[in-house]
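Chemist:
Numbering (our numbering), first residue to last: 304 to 452.
#1: For residue 390 and residue 377, what's the separation of their Cα atoms in angstroms?
#2: Give me whichever residues DSSP pairs with residue 392 in a beta bridge.
#3: Within a Cβ cutoff of 7 Å, which residues of the same chain sit near residue 331, ignoring the five residues on either side of it in sequence?
#4: Can you tell me whether residue 428 is buried or exposed? The criterion is at least 16 other CB atoms within 10 Å of its CB, across all chains shown.
#5: If you draw a straight line from the alpha carbon of residue 353 to that of residue 362, how long is it in whole angstroms?
#6: Under DSSP, the beta strand (DSSP E) around residue 355 begins and ends at which residues?
#7: Residue 337 bridges to which residues according to DSSP?
#8: Once DSSP output is grouped into helix, strand and coil, what is the label at residue 425?
#9: Taking residue 346 as part of the beta strand (DSSP E), name the residues at either end of that continuous run.
#10: Just list the residues that DSSP pairs residue 332 with in beta bridges.
#11: Check whether the Cβ of residue 390 lies closer than 6 Å to any heavy atom of the ligand COA, and answer yes or no.
#12: Using three-state DSSP, classify residue 316 as helix, strand or coil.
#13: Would you decide whether residue 386 is buried or exposed? Buried here means 16 or more other CB atoms lie within 10 Å of its CB.
#14: Rounded to whole angstroms, what is the Cα-Cα separation between residue 432 and residue 441?
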């Protein structure tokens, strides 16, 4: 009797159809071209509109998945060529929706297949030394400047 109960859930699982991932939203019109003017660059978004100039494929991937460059692995040529992307969607959408649309565009135009994985990496841990903090406090009333570069 116990054997039947163990087999029934297994058979029920085998008969369930596999779930297909939801279809990503797509732009209504999109253009990807090699960048001819390396002095121009930037990223502009508006509801349903995305313009990226002078961006490598690596940068496009990083924006589409909202990841820093050090977390993306791929061939070196992803950094070599720069592209201009102009894409529009009548259905609109915020930056999160535009990111999903760019993922689909990269898959369609570049044949990009992404695999998200966890990887252990070495890091530096900034911790408080024994005896506490020893740097003197700033005497200036200037706000700190944080630069991503």
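A virtual CB, placed ideally from N, CA and C, is assigned to each residue, including glycine.
Modeler: In this structure, then:
#1: Position 87 of the chain shown, counting from 1, holds the residue named residue 390. Position 74 of the chain shown, counting from 1, holds the residue named residue 377. If you take the alpha carbons of residue 390 and residue 377, they lie about 25 Å apart.
#2: In the chain shown, the residue the question calls residue 392 occupies position 89. According to DSSP, which records beta bridges pairwise, residue 392 is partnered with nothing at all.
#3: Position 28 of the chain shown holds residue 331. Closer than 7 Å at Cβ, skipping near neighbours: 391, 392 and 393.
#4: To locate residue 428, count along the chain shown from 1; it is residue 125. Burial call: exposed.
#5: Numbered from 1 along the chain shown, position 50 holds the residue referred to as residue 353. Numbered from 1 along the chain shown, position 59 holds the residue referred to as residue 362. Spanning the two alpha carbons is a distance of roughly 14 Å.
#6: For the purposes of this step, residue 355 is taken as residue 52 along the chain shown, with counting starting at 1. First-last of the beta strand (DSSP E) with residue 355: 352-359.
#7: Here residue 337 is taken as the residue at index 34 of the chain shown, counted from 1. Listed as beta-bridge partners of residue 337 by DSSP are 386.
#8: Here the question's residue 425 lines up with position 122 in the chain shown. Three-state DSSP puts residue 425 in coil, outside helix and strand.
#9: Locating residue 346 in the chain shown gives position 43, counting from the first residue. Here the beta strand (DSSP E) through residue 346 covers 345-349.
#10: One-based indexing of the chain shown puts residue 332 at position 29. Bridge partners of residue 332: 391.
#11: Looking for the ligand COA in the displayed structure turns up nothing, as the structure carries no ligands at all.
#12: The count along the chain shown starts at 1 and reaches residue 316 at position 13. Residue confidence is low: residue 316 scores 41 on pLDDT, short of 50, so the model does not pin down where it sits. No coordinate-derived value is stated.
#13: Position 83 of the chain shown, counting from 1, holds the residue named residue 386. With 16 or more other Cβ atoms within 10 Å, it is buried.
#14: As a first step, residue 432 must be located in the chain shown, where it is residue number 129. As a first step, residue 441 must be located in the chain shown, where it is residue number 138. One C-alpha to the other measures close to 19 Å.
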